[in-house]
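Below is one structure; the comments refer to it alone.
Number of protein chains: 2
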Amino acid sequence: MGYAGHVGRLLEEADAAVGDEVEVTRRGRTHRGILMPHHDFSDDAIVTVKLSSGYNVGLCLEGESKVRVVSKKLTKDPIRRSLPTDESKKDVAFIGTGGTIASYVDYRTGAVHPAKSAEELAFSVPELMDVCNVRARVLYSIYSENMEVNHWQELARAAASELNSGASGAVVPHGTDTMGFTSAALSFMLGRLSGPVVCVGSQRSSDRPSSDATMNLLAATRLCVSSDIGEVVVVMHGDISDTYCVAHRGVKVRKMHSSRRDAFRSVDIDPVARVEGSEISLLSGYSKRAAGPVEVRDKMSERVSMLYFYPGFEPEHFEMISGNVEGLIIAGTGLGHVSEKLVKPISKAVKNGVFVGVTTQCLYGAVNLNVYSTGRDMISAGAVPLGNMLPETAYVKLMWVLGQTKDPSEVAAMMVKDLAGETTSRRSV
Amino acid sequence: MGYAGHVGRLLEEADAAVGDEVEVTRRGRTHRGILMPHHDFSDDAIVTVKLSSGYNVGLCLEGESKVRVVSKKLTKDPIRRSLPTDESKKDVAFIGTGGTIASYVDYRTGAVHPAKSAEELAFSVPELMDVCNVRARVLYSIYSENMEVNHWQELARAAASELNSGASGAVVPHGTDTMGFTSAALSFMLGRLSGPVVCVGSQRSSDRPSSDATMNLLAATRLCVSSDIGEVVVVMHGDISDTYCVAHRGVKVRKMHSSRRDAFRSVDIDPVARVEGSEISLLSGYSKRAAGPVEVRDKMSERVSMLYFYPGFEPEHFEMISGNVEGLIIAGTGLGHVSEKLVKPISKAVKNGVFVGVTTQCLYGAVNLNVYSTGRDMISAGAVPLGNMLPETAYVKLMWVLGQTKDPSEVAAMMVKDLAGETTSRRSV
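Rendered as structure tokens:
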């Protein structure tokens, strides 16, 4: 179970194994909970215990300390329990996809593995059952950096099917790495929603004392039960302490920090909502629940690339890539610029039927290709400025648009039209 | 001069031309200054006048208003004046490169063109001469999106030569689009500095009422005259009003908004200094002026690319690009990840002698390839994690490192070593 040194000996003497219910006494205080595995990032002196609240605490066993087994774990297999149903509560669907939030979820045994069954997913945070009737299913379990179009499509269909069979909302536990891409894909694929589709992740896995998994999942669930939101949103911590969560519009959100719990930020727009405990505050305009049924339009082209421009960007690389795709999103500098050496290759690509859309690598603010001659040359070459659409959202949108039509003028018209709140008027950061 | 409608008629009646000194009276107040050309973005009712302070004001001429010519402009040619010299003042070098800050600079005539001579550059903001003896030269005048390695090299040599001939600092007016790339290049090319090298830009050209050019140039100049900083920094507005400027370390700064005046942000680090009027507050650790002379090591490889990863990133595109370069910087998701489909292409590239460095597209926070199996696979394939180095800084650094050595283990050692403050311990955003 990974514990070494003094802590390892203490546990051995107590005959305590991961998954046992234990009492740990140190500094005059006793904590009772399930013994969790040692985490690589924890100090050797720390033992991790999952309390009955669902939270993990890290207890430092330096000095006088005692461990006692209250009850041995019942079985090595994942526990099978039937999910409770309460007619006074609404149904919420949980659609597992993998990622940190779905890792180390076996609540009772402490086993470290991704959720493989609906029960494991549901019982990873038993508090969910106080808020709703849990409908859980594990669609797949992958690291989000391996997500591809077929995963987005399967997920869109699953979310629609849950909403259309009466779920008050769908919660999608998801790896954080590409969660913003997935939320954008769902936003375009799913028509007018009868309830929220909430992508939710965690930056610390649930075997770690500082995990944000439980709070994020609870906030996501509350949005499904108690809000009238009919949008795809991303729910994560709003600050680095456990004060509140924030719901970001699926097409305007980006992971802006590699490790902080409040890594996700709404870009160029206010978040949709703030969730503090059971309190939901709506912060900006949003689409309300529609009557349904939810339609799925999940066709996508995979022949799209995204290029962040840099000084010295090689025209021959641009030509190689643009010769191999149906559409291209450029993240230009400032107002959307590229070097003059790329203007001819852009023109050539457009003449060959490739859609070339322009966003800004600044991320915040809109493109404007009318201010400088570089931009005007890009427009003459056929590049299409995309307002303040995030490069990543523009990439996903272009895949989706090219799944709906191949007609160049229709593609351009759909790309500049606001379909899911992806282009907005500017706001101060 | 571009003025139409009511304003056009008023100016015509007054026989006022761009460059004339005029008095404009409206709402009971009179403003005196040089008549500037109409700006495309201004309302038709607005006339722009450059006050003697150097600031432009936009005056709305709706309702009762009067224009009177005080004196006609002297000549249509750029005015030639000799630069004053005051032995009690320090010398500061101004090295013009182009960009918005150097546009529309003819102070007296109001002519709209980039600074073509040292005098034009100097007299674009005459207040500079109150602070220092101005040594001005125009190195070139290009949009910064067209900057290439040879421009960085020429600039590094010019800055070193000015410092080595007694300048207290070098101010580099620069287009904002790629200013962060240039400041990074100068940081690596220039050895221990005897004074600051200050890249400075503006987000609003100086013919616009809201221009930030004057204030940014003055703040940059004050850093050269009154600070002991021996680093390459970027100076821009610190907020959206004209309250203060901020000096960012050249290797930790990124343009994070396409249009705001405070678009530049220090990423994962505090700014070096805050400049409010003539007050300089030092905010974080920095390198102090060295004894000199400043050495230039300006060799760079242009065979380097940068790739922002996205779901569905095409392995064949990776192979095409990595087959054509000496080094590659990946901006991965989250802690630095790419999809498992790219692990083999990475391994192949490394085996072929291509350096593959890993940064995060989150921009804030560090990479860590030891947490998840994807990252560990990337390390096994030979990818090198680069801490919290910005992708753009890592790209420039790799060009520079490959200009110093082609030995793979030396390249890797130099890339992970902190050379100019580009990798720092994490701070909260």
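Protein chains in written order, with the numbering used here: chain A, 327 to 755; chain B, 327 to 755.
Note that beta-carbon positions come from the ideal geometry of N, C-alpha and C, so glycine has one too.
Simplified DSSP state of P671/A, which is helix, strand or coil:
Looking at P671/A - three-state DSSP - the assignment turns out to be helix.
Between the Cα of I412/A and the Cα atoms of D456/A, C386/A, T374/A, G384/A, which residue gives the shortest distance?
Residue identity check: residue 412/A is Asp in the sequence provided, not Ile. Looking at the Cα atoms, D456/A is the closest of the given residues.
Going by DSSP, what residue range makes up the beta strand (DSSP E) through N459/B?
Run containing N459/B: 459 to 464, per the beta strand (DSSP E) assignment.
Please look up how many angstroms separate the CB atoms of L512/A and L481/A, rounded, as I've assumed it's under 8 angstroms.
Indeed, because the Cβ distance is near 7 angstroms, the residues count as touching under 8 angstroms.
Following the continuous alpha helix (DSSP H) through K723/A, name the residue where it begins and the one where it ends.
It spans 717 to 730 - the alpha helix (DSSP H) in which K723/A sits, taken as one unbroken run.
To the nearest angstrom, how far is the alpha carbon of S706/A from that of L633/B?
Rounded to the nearest angstrom, the two C-alpha atoms are 27 angstroms apart.
Could you give the uninterrupted runs of the beta strand (DSSP E) lying entirely in the stretch 329 to 410 of chain B, keeping only those of 3 residues or more?
Qualifying beta strand (DSSP E) stretches, in chain order: 347 to 352, 355 to 361, 372 to 376, 382 to 386, 391 to 397.
Nonlocal neighbours in the same chain, by C-beta distance under 6 angstroms from G556/A, ignoring five residues either side
Within the same chain, G556/A has close Cβ partners L519, S613, K614, R615, A616.
Contact list for the stretch 612 to 637 of chain B against chain A, Cβ threshold 7 angstroms
Hits within the stretch, in order: E628, S631, M632, Y634, Y636, P637.
Please look up how many angstroms separate the CB atoms of V693/A and G662/A, rounded, as I've assumed it's under 8 angstroms.
Sure, about 3 angstroms apart at Cβ, within 8 angstroms.
Bridge partner(s) assigned by DSSP for D417/B
N459/B.
What span of residues does the alpha helix (DSSP H) with I647/B cover, start to end?
Membership of I647/B in the alpha helix (DSSP H) is indicated by the continuous run 641 to 648.
DSSP puts C571/B in a beta bridge; with which residues?
DSSP output for C571/B lists H563/B, V601/B as bridge partner(s).
State the start and end residues of the unbroken alpha helix (DSSP H) segment that holds C525/B.
From DSSP, C525/B is part of no alpha helix (DSSP H) but of the beta strand (DSSP E) over 523 to 526.
Min CB distance R586/B to chain A below 8 angstroms:
Closer than 8 angstroms: yes.
In chain B, what lies closer than 7 angstroms to L689/A by C-beta?
Those within 7 angstroms of L689/A in chain B are M582.
Note down, in chain order, each residue of its chain lying with its Cβ closer than 7 angstroms to the Cβ of L745/A, except the 5 sequence neighbours on either side.
F514.
Taking all protein chains shown into account, do 16 or more other C-beta atoms lie within 10 angstroms of the C-beta of D554/B, making it buried, or fewer, making it exposed?
Burial call: exposed.
Would you report the Cα separation of R600/B and V560/B, rounded to the nearest angstrom?
One C-alpha to the other measures close to 11 angstroms.
Once you ignore the five residues that flank T750/B on each side, which residues in its own chain have a CB closer than 6 angstroms to its CB?
Excluding positions up to five away in sequence, the list reads I595.
So T685/A and T504/B are supposed to be a Cβ contact under 8 angstroms. How far apart are they, rounded?
A Cβ-Cβ distance of about 16 angstroms is found for the pair T685/A and T504/B, leaving them out of contact under the 8 angstroms criterion.
Can you grab the Cα-Cα spacing for the pair S397/A / N382/A, in whole Å?
Spanning the two alpha carbons is a distance of roughly 18 angstroms.
Counting only beta-carbon atoms, is N472/A nearer than 8 angstroms to chain B?
N472/A has a beta carbon lying within less than 8 angstroms of a beta carbon in chain B.
Provide the residue span of the beta strand (DSSP E) that contains R591/A, from first to last.
That run of the beta strand (DSSP E) goes 590 to 592.
Inter-residue spacing [alpha-carbon to alpha-carbon] between E488/B and K743/A
Going by the C-alpha atoms only, they are around 52 angstroms apart.
So is N476/B buried or exposed if we call it buried at 16+ other beta carbons inside 10 Å?
Exposed, because fewer than 16 other Cβ atoms sit within 10 Å of the Cβ of N476/B.
Outcome for R461/A when other beta-carbon atoms lying within 10 angstroms are tallied against a minimum of 16:
Label assigned to R461/A: buried.
Residues of the stretch 497 to 511 of chain B with Cβ closer than 7 angstroms to any Cβ of chain A, in chain order:
Along the stretch 497 to 511 of chain B, the positions whose C-beta sits under 7 angstroms from a C-beta of chain A are T502, D503, T504, F507, read in chain order.
Rounded straight-line distance, which links the Cα of V727/A to that of V630/A:
Just so you know, the alpha carbons of V630/A and V727/A end up roughly 11 angstroms apart.
Can a CB atom of chain A be found closer than 8 angstroms to the CB of A739/B?
The C-beta of A739/B comes no closer than 8 angstroms to any C-beta of chain A.
Pair within 8 angstroms by beta-carbon distance, V620/A and L654/A
No. Outside cutoff.
When the Cα atoms are used, what is the spatial distance from G747/B to L724/B?
One C-alpha to the other measures close to 15 angstroms.
Does the beta-carbon distance from H364/A to G331/A come in below 8 angstroms?
By the CB criterion at 8 angstroms, H364/A and G331/A fall outside the cutoff.
D565/B versus I427/B, R575/B, H583/B, R587/B, residue with shortest Cα-Cα distance:
Taking each of I427/B, R575/B, H583/B, R587/B in turn and checking the Cα distance to D565/B, the smallest one comes out for R587/B.
Relative to the alpha-carbon of T351/A, which residue among G345/A, L336/A, T508/A has its alpha-carbon at the smallest distance?
Nearest option by C-alpha distance: L336/A.
Taking Cβ to Cβ, would you say S494/B is nearer than 8 angstroms to V579/B?
Inclusion of S494/B and V579/B in the CB contact set at 8 angstroms is not warranted, their separation being larger than that value.
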